[in-house]
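Report on one structure; see the data block that follows.
In the working numbering, the protein residues as written are 14 to 94.
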């Protein structure tokens, strides 16, 4: 059984070039938030209009990405208190 969402909060990802085929699906603000070729950490997912992820880039900015625009680098590891 696969878990949902596929990328959990805390997962480190590498962004790819924005998926131009999906440009009409994004607001100008959402599209402008994307950064190509940078590492970041998944913060949260959204799925009201299709799965997407908020990613905090290493410079502290946040972008929203379609799964096709992300490559998993390392999974988050659960911590115990």
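Even glycine gets a Cβ: it sits at the ideal position worked out from N, Cα and C.
Of all C-beta pairs linking the region 76–85 to the region 60–68, three or more are shorter than 8 Å, placing the two stretches in contact. Distance check between residue 87 and each of 71, 75, 21 places 21 closest, using alpha-carbon atoms only.
Around the beta carbon of residue 55, a 10 Å sphere encloses 16 or more other beta carbons of the protein chains shown; the residue is thus reported as buried. Taking C-beta atoms as the reference points, residue 69 and residue 53 count as a pair closer than 8 Å. Taking a C-beta distance under 8 Å as the contact criterion, residue 24 and residue 51 do not qualify as a contact pair.
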